[in-house]
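Here this note's numbering is used: the sequence shown runs in plain steps of one and ends on residue 68.
From the three backbone atoms N, C-alpha and C, an ideal C-beta is built for every residue, glycine too.
All of these numbers come straight from a predicted model, not from anything done at the bench.
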Amino acid sequence: MNCYDCAPDHATTAAVAICRNCGAALCHQHAQAAPQTVVRVQGVGQSTLPEMARRIMCTICRGAQPA
Ligand SMILES: [Zn+2]
Ligand SMILES: [Zn+2]
Numbered sequence: 002m003n004c005y006d007c008a009p010d011h012a013t014t015a016a017v018a019i020c021r022n023c024g025a026a027l028c029h030q031h032a033q034a035a036p037q038t039v040v041r042v043q044g045v046g047q048s049t050l051p052e053m054a055r056r057i058m059c060t061i062c063r064g065a066q067p068a
């Protein structure tokens, strides 16, 4: 699969990741890794894990996210 964001530039760059939001295949240049808080429900209420997970998004979806 080739990078979706490279396609408009008539480039065929091999994709290394998939945007978790829109599902577009992304090359390393267009893939944006963002930290994601992991929430685990334990009994009453929620607790957040100290380690942040990884979230891969395309540049479009990354720009639309608040953090
Ligand atoms: Zn690309
Ligand atoms: Zn996306």
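1) Measuring alpha carbon to alpha carbon, tell me which residue in His-31, Gly-64, Ala-18 is nearest Asp-10.
2) Is Ile-61 near ligand 2 - that is, is its Cβ less than 7 Å away from at least one heavy atom of it?
3) Tell me whether the beta-carbon of Met-58 lies closer than 8 Å to the beta-carbon of Ala-26.
4) What do you get for Cys-4, buried or exposed, if any count of 16 or more other CB atoms within 10 angstroms of its CB means buried?
5) With hydrogens ignored, establish whether the beta-carbon of Cys-4 is closer than 7 Å to any heavy atom of ligand 1.
Taking the definition as stated:
1) His-31
2) yes
3) Cβ atoms of Met-58 and Ala-26: not closer than 8 Å.
4) buried
5) yes
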